Amino acid sequence: MAHGDRHRIPGRKPEAYREYKLQPSDINKSLRQIAREQIGDESLFNLILQKINDPPKTPWFQEIANKDRIGNNWTLLLPESPTSDYATFKLKSTVNIRTSPEVKPGNLHASQGITGTVWTYKKSSLRTDANGMRWADVTTTPPPNKVNGVTYWICVKDGSIIYTEPPL
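Following the numbering used here, the numbering of the sequence shown begins with 80 at its first residue and continues without gaps.
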């Protein structure tokens with residue numbers, strides 16, 4: 080299983096969870112902060128689980144007893160809120176990561192979104208520019224060499240060319 084994979088946990092509310100591998104920038108954060116940044120709803124912090132094995136091994140997840148102390152190399156299972164403004168997509172081809180939803184020389188990030196990687200995006204951020212390029216805010220998925228406080232964008236569709244699965 081990989082960062083961004085979805086799991087269904089029957090008997091839990093909500094049933095849908097998404098894997099989130101803690102990043103170096105998450106050191107010293109609480110579960111409330113992780114929930115605010117990754118789910119968009121800090122009130123869901125108490126529903127976050129720790130993944131301890133790959134399914135079907137059991138147990139494969141556990142409750143987090145101390146919500147203020149999380150490990151550095153943990154993989155978390157984040158609940159997916161039905162009202163959440165966040166969703167994920169997988170890239171079908173390598174694309175540029177930009178600091179604004181437009182193509183210009185000064186906004187190119189040092190790394191690229193690689194084919195097969197899963198990104199979390201803000202659903203309400205989707206916009207189509209005058210050139211027919213559709214953009215998504217992917218700030219919640221930290222690209223390599225992420226600069227804190229910077230918003231990151233990926234072109235998810237350029238005219239009839241679709242770069243994501245599912246198509247956005």
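Every residue, glycine too, gets a C-beta built ideally from N, C-alpha and C.
The model shown is predicted, which means the values in this text are computed figures rather than measured ones.
| said: Can you tell me whether R148 is helix, strand or coil according to DSSP? | reply: coil
| query | Using a Cβ-Cβ cut-off of 7 Å (strictly less than) and excluding sequence neighbours within five positions of S190, which residues of its own chain qualify? | reply | I176, P222, P223 and N224
| message | Measuring straight from C-alpha to C-alpha, what distance separates T243 and K171? | response | 5 Å
| query | When the Cα atoms are used, what is the spatial distance from Q112 to D147? | reply | 10 Å
| request: Assign A215 to one of two classes, buried (16 or more other C-beta atoms within 10 Å of its C-beta) or exposed (fewer than that). | output: buried
| message | Taking 8 Å as the threshold (C-beta atoms), are T230 and E116 in contact? | response | It is not a contact, given that the beta carbons lie outside the stated cut-off.
| According to DSSP, which residues form a beta bridge with R87? | A95
| For Q102, which of helix, strand or coil comes out of DSSP? | The answer is coil: DSSP assigns Q102 none of H, G, I, E or B.
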